Amino acid sequence: MRRKISLILITLVALILAACGGEKAQSEGDAGEGEKQTLVVAGYGGNYEEEFKKNIIPAFEEKYNVKVQYITGSSVATLSKLQAQKDNPEIDVAIIDDGPQAQARSLDLIAPLDESIVTNLEKVYDIAKMPDNLGVGFSFVEVGLAYNAEVFEQNNWEPLKSWNDLADPKYKGKLVLPSVLNTFGVNMLVMLAKVNGGDETNIDPGFEKLAEVAKNTVNFDDTADVSNYFVQGQTVASVWGTGRIYTLQDTGFPIEYVSPEEGAVPLIVTVSVVKNASNQELAQQFVNFLLDVEIQEMSAIKRFEGPVNMDVELSDEVAEKVPYGQERIEKLIKVDWDVINANRTQWNERWDKEIIN
């Protein structure tokens, strides 16, 4: 009888311990579910942030069962954060313009892409690839000339054709242009140099022509967004990117884009894995996700940005408004950011002395 009672007690204890162990395991499982891996992405604000938070990030979070924290800031601001956090980065993925991205590469802030994870890399146009796979362009726009078609028609002005048209005296007091403190302004300066016999290594012709253009200019804007100047009638033309131009056009404003006869410049939006970031593999997966055909199509339709994935097929209506297809892309003039960044401080000083003052 005692032996029977002992066996019953032993069995009961075993069942209780098993139940406790099961509760503990379930509790740990619940905790794991609540503490998802968090990827920190730094990128642009405005409609960029809206689109990422509305469509791109939720899709990635669902696919990989993770959380994404999106930090907004300009390319220059994000670059500054990467420099400040170099030894212990808080940002896993950086979305910045190609100019600041070149600086980030030179400062050893970018990790190389792993082609076994970023399998879409083989489908990317060469123009969007970075040296040594240190990041990649995931979309781009053309930087060229924008003008108010209604005002031009009222004045019987021909549409802009050349970068040099910005110096035409008939536009005196009617232009707001980008400052060389942002990417659009640097592209403008370099193209004015190229069109007038110079280039990145000989920028003098660019500053000389820009001094003429400045006589027509009421303001040089640092923000890269001149939409309000157009809407308020403060500018009739500017140097701007196709993504922002067609976004404004979609509101009903009569703005038109011209690819200058000498060539337009690609502004490449890059995505990079930050060196020494804590979520390396997940960051690589995020880069690959942005290069997927579906995401690339969405960028073209929603933000008027050209796809870098060669497998993307766009409707004629969308294709007209973005850099798309090998033939059009090959006509774009890519500037040398390594040379530009090496001379940027000197150019900024000349800008203040020769153009602003």
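According to mature numbering (1 follows the signal peptide of the UniProt record, and there is no 0), the sequence shown holds residues -25 to -1, 1 to 332 in order.
Just so you know, even glycine gets a beta-carbon here, dropped at the ideal spot from N, CA and C.
Because the structure is a prediction, the values reported are computed rather than measured.
Residue 54: member of the alpha helix (DSSP H) spanning 50 to 59, first to last residue. The beta carbon of residue 190 is closer than 7 Å to those of 147 in its chain, skipping five residues each way along the sequence.
Per the coordinates, the alpha-carbon of residue 95 lies some 19 Å from the alpha-carbon of residue 73.
Counted as a single uninterrupted DSSP element, the stretch harbouring residue 84 is not any beta strand (DSSP E), since DSSP gives it neither H nor E. DSSP, read as helix, strand or coil, puts residue 12 in coil. Rounded to the nearest whole angstrom, the C-alpha separation of residue 283 and residue 244 is 10 Å.
The stretch 169 to 182 and the stretch 140 to 157 do not touch, with fewer than three beta-carbon pairs separated by less than 8 Å.
In this structure, DSSP gives residue 209 a state outside helix and strand, which the three-state scheme calls coil. DSSP places residue 47 in the uninterrupted beta strand (DSSP E) bounded by 42 to 47. Between residue 250 and residue 86, the gap from beta carbon to beta carbon is short of 8 Å. The Cβ-Cβ distance between residue 69 and residue 57 falls below 8 Å. Between residue 136 and residue 233, the CB-CB gap stays under 8 Å. Membership of residue 264 in the alpha helix (DSSP H) is indicated by the continuous run 255 to 265.
When 300, 47, 11 are compared, the shortest CA-CA separation from residue 28 is found for 47. Taking C-alpha positions only, residue 119 is separated from residue 11 by approximately 44 Å. The criterion of a C-beta distance shorter than 8 Å is satisfied by residue 15 and residue 67.
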